[in-house]
Every structure is written in C-alpha cells, then in structure tokens.
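These protein sequences, in sequence, are chains A and B. Okay, so the first sequence: first residue is 526 according to this note's numbering, each after it adds one. Okay, so the second sequence: first residue is 7 according to this note's numbering, each after it adds one. Okay, structure first, notes after.
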Amino acid sequence: MSTDRDTTRIVRSWLRTDEHESADRVLDAVLDQLDTTPQRRVTWWPVRRFPEMNTTVKLALAAAAVVVAALLGIRFLVPGSQNVGGPAETPTPSRDAGRFSATDGSGARHLLLGRGNSVPSAIRLHRSGRVDESE
Amino acid sequence: MDTDLVVRAQHGDREAYAVLATEIADRFVAVARRILRDIDLAEDATQQALLGIWQDLPQLRDPARFDAWSYRLLVRACYAEGRKQRRWAPNLRLLPADESTRGDDMGSVVDRDQLERGFRRLSIDHRAVVVLHHYLDLPLERVAELLGIPVGTAYSRLHYAMRGLRAALDADARTTTQEVAR
Chain A
526 MSTDRDTTRI VRSWLRTDEH ESADRVLDAV LDQLDTTPQR RVTWWPVRRF
576 PEMNTTVKLA LAAAAVVVAA LLGIRFLVPG SQNVGGPAET PTPSRDAGRF
626 SATDGSGARH LLLGRGNSVP SAIRLHRSGR VDESE
Chain B
7 MDTDLVVRAQ HGDREAYAVL ATEIADRFVA VARRILRDID LAEDATQQAL
57 LGIWQDLPQL RDPARFDAWS YRLLVRACYA EGRKQRRWAP NLRLLPADES
107 TRGDDMGSVV DRDQLERGFR RLSIDHRAVV VLHHYLDLPL ERVAELLGIP
157 VGTAYSRLHY AMRGLRAALD ADARTTTQEV AR
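Structure follows, in structure tokens:
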C-alpha cells in the first residue's frame, strides 16, 4: 500500500515526464487569426450576462417579450386603437357676440373678454350656472 | 512576464502580443496536455485560450497579473474542450514505443497506465488542481485564486484527486501481488 508521500512523488514524476510538446502549429494558427480578430474594448455601458439562466426563465422572458411587442404593435400600428373607450372631447372654438369663446371637455364655456383694469380676462360658465372669473 | 509587452498588447499592438504568445504557448500546451490527456485537445484549448487572451486583454485591469489571468483562460478553454471530448471523441491514446524504456523514478510503465486511467476518471476540475499544484508548483492558495474557487475547495479537490490516484496505484499493486502469489 502506497503512502501519501509516495503517491505525491509518483504523480509529480509522472506529470513531469517529458513529452514532445511543441506549440508551433498552434502559434502559427493564432498569429494568422490575429489580424481578423478584434479586441473587446472596455465600454462605459455595463454589459451583463446570465450564462446559467434556467430554461424556464428563458422561455418566460421570451414569452413576455413577445407579449410586449404584440401590445406595442397593436397600440401603434392598428389605426383607431389609440383612443380606446371613445374619442376624447376636444375644445371647439366659436364666436359669441364678437368675443372668442370655447367649450372644454366638461361642457363649461369660456368667454375670453380681453384684458382691462377691472374687467376679468376670462369668465367660465358652468352648466350648473356657477360663474368663475379669472384675471 | 514583461508588463510593458502586456500593456502594448492591451493597446492593440499585434507584434507585442506575438512575442507574449510565443513566450507562453509551449507552457500552455504542456499544461493543457496534462489536464486533458490528449495532445489534439490540448492544442485546440491552447489556441482558444491564446485568441481569448488577445480579445479580452484590454479588459485586464492590472497587467502585472497577466500570468494568473491567462492561466484562468487556459483552464476555461480546457473545460470547454473536455466537454467536447465527453460528447464526441473516443477515449484512445497511442503510447510511444519507447515509453517503457524512459529513465525516471516511476517504477514501471504499469504505474503510468494505472495513473493514466485513474487520472482520466477524475473530473477536469480535479485534474486542473492537480496539474497546477504538482506540475506548475503553484501553492494551493494561488491555485484557488486562479480557478476562482475558495481555498478550502482547492484543498478538498486535491485531496479527493490524490486519493483516487492512490487507489489506482494500490489496485495495481494488489494485482501484481496476486500474480506473484500464483
């Protein structure tokens, strides 16, 4: 039965047995490829990789990416899909007794009266009859 | 290792890298050959490692650590080649005709064969620790740092590997004793 020391000595001797190992062929191949092999420069952008990602996680991420892409496609490519729930009411300007007025989405009317020392520049008439004045 | 050469190669100087590669290539083939036990795989691993070193050299922060860093890439290339070997290649080895007459203190060619078989049974992880420690004479702390593993793991791998190799040699001794008894 060999001792630990014997084993170490035999293994070291075995590993150091001369072999005819020349790297000439390898070196030629490497030096030939250097011209066409670019170096990877350090970038300011932190590159992250997850080499040991689980297959399930990969599939889930791929499915999520497809869903997001589909939603974005429907949102921006299909006509009329941007105003889901009906078109929003836009203010419609009109002339009222020589003064500019507008109706906003709440149905209130704005009368633009112009600026003056004591005259309000705008009056807001609510459907309920309430009146707001602003300078 | 000349750090000036490393710095020049980091900045894309191909001639500087050619000098560096020439300096390390023979040692790389020798280490890879001992880990993989196959000269063709060892040459492929060395080629991959040398190209990988060239590509990633700009990312090496401390040029003085080139040696340890380059060995880490070599061992990774050996892992990759080892995986290919397990998938595709038959495990054959041609022994040179004069191997049994070589003068060393190993005893016999039978020892060598037993060691060869015992070593091939080890994983690349274990082989790498044995080769880096017993062939390159690196202390286990350095081996651990180089392989990116805890020092305790390096000690444990070396212990397991040497136990396996010892068992292989003891099996050989038992066989020989039984033959003599007959």
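Idealized CB from N, CA, C, for every residue including glycine.
- In the pairwise beta carbon analysis, the region 528 to 537 of chain A is classified as not touching the region 28 to 43 of chain B: fewer than three pairs are separated by under 8 Å.
- E544/A carries a coil assignment under DSSP once its states are collapsed to helix, strand and coil.
- Of all residues in the region 583 to 605 of chain A, none has a C-beta nearer than 7 Å to a C-beta of chain B.
- DSSP, reduced to helix, strand and coil, places V603/A outside both helices and strands of the structure shown, so it counts as coil.
- With its beta carbon less than 7 Å from one in chain B, R566/A belongs to the interface.
- In chain order, V35 place their CB closer than 7 Å to the CB of E49/B, counting only its own chain and leaving out the 5 sequence neighbours on each side.
- In the structure shown, the three-state DSSP call for I59/B is helix.
- Closer than 7 Å at the C-beta level to chain A, one finds these residues of the region 49 to 74 of chain B: E49, T52, Q53, L56, L57, W60, Q61, D62, L63, P64, Q65.
- Using a Cβ distance threshold of 7 Å, G58/B and L26/B do not count as a contacting pair.
- Assigned with DSSP and collapsed to three states, I648/A falls in strand.
- Per DSSP, L144/B lies in no alpha helix (DSSP H) segment and is marked neither H nor E.
- Bridge pairing for D657/A: R649/A [DSSP].
- Only residues of its own chain outside the window of five on either side were considered, and among them L152 have a CB closer than 7 Å to the CB of Y77/B, listed in chain order.
- Note on I30/B: 16 or more other CB atoms within 10 angstroms of its CB, so buried under the neighbour-count rule.
- Residue nearest to H17/B within the set Q54/B, Y85/B, L63/B is L63/B (criterion: CA-CA distance).
- With contacts defined as CB atoms closer than 7 Å, R40/B and Y141/B qualify as a contacting pair.
- Around L146/B, the same chain offers H139, V157, A160, Y161, L164 as residues with beta carbons nearer than 7 Å, after the five sequence neighbours per side are excluded.
- For T28/B, the enclosing alpha helix (DSSP H) stretches over residues 20 to 42.
- For H132/B, the uninterrupted alpha helix (DSSP H) run begins and ends at 130 to 136, by DSSP.
- Of the residues assessed, E21/B falls on the exposed side of the cut-off, its CB having fewer than 16 other CB atoms within 10 angstroms.
- Excluding sequence positions up to five before and after F72/B, its CB lies within less than 6 Å of the CB of M7, V12, all in the same chain and listed in chain order.
- A Cβ-Cβ distance of about 12 Å is found for the pair E87/B and A134/B, leaving them out of contact under the 8 Å criterion.
- By the beta-carbon neighbour count (other beta carbons within 10 angstroms, threshold 16), L552/A is buried.
- Collapsing the DSSP output to three states places P563/A in coil.
- In the structure shown, T52/B adopts helical secondary structure according to DSSP, grouped into three states.
- The beta-carbon of T532/A is placed less than 7 Å from the nearest beta-carbon of chain B.
- Residue nearest to L175/B within the set L144/B, L121/B, C84/B, H132/B is L121/B (criterion: CA-CA distance).
- Taking 7 Å as the cut-off, the Cβ atoms of Q564/A and Q61/B count as close.
- Close to T28/B, with beta-carbon spacing below 8 Å, are these residues of chain A in chain order: L552.
- The C-alpha of V591/A is placed about 51 Å away from the C-alpha of D657/A.
- Under the 10 Å beta carbon count, M168/B is surrounded by 16 or more other beta carbons and is classified as buried.
- When CB distances to chain A are screened at a threshold of 8 Å, the residues of the region 148 to 179 of chain B falling below it are M168, L171, R172, L175, D176, A179, in chain order.
- Among the residues of chain B, those whose CB is under 7 Å from the CB of T562/A are L57, W60, Q61, following chain order.
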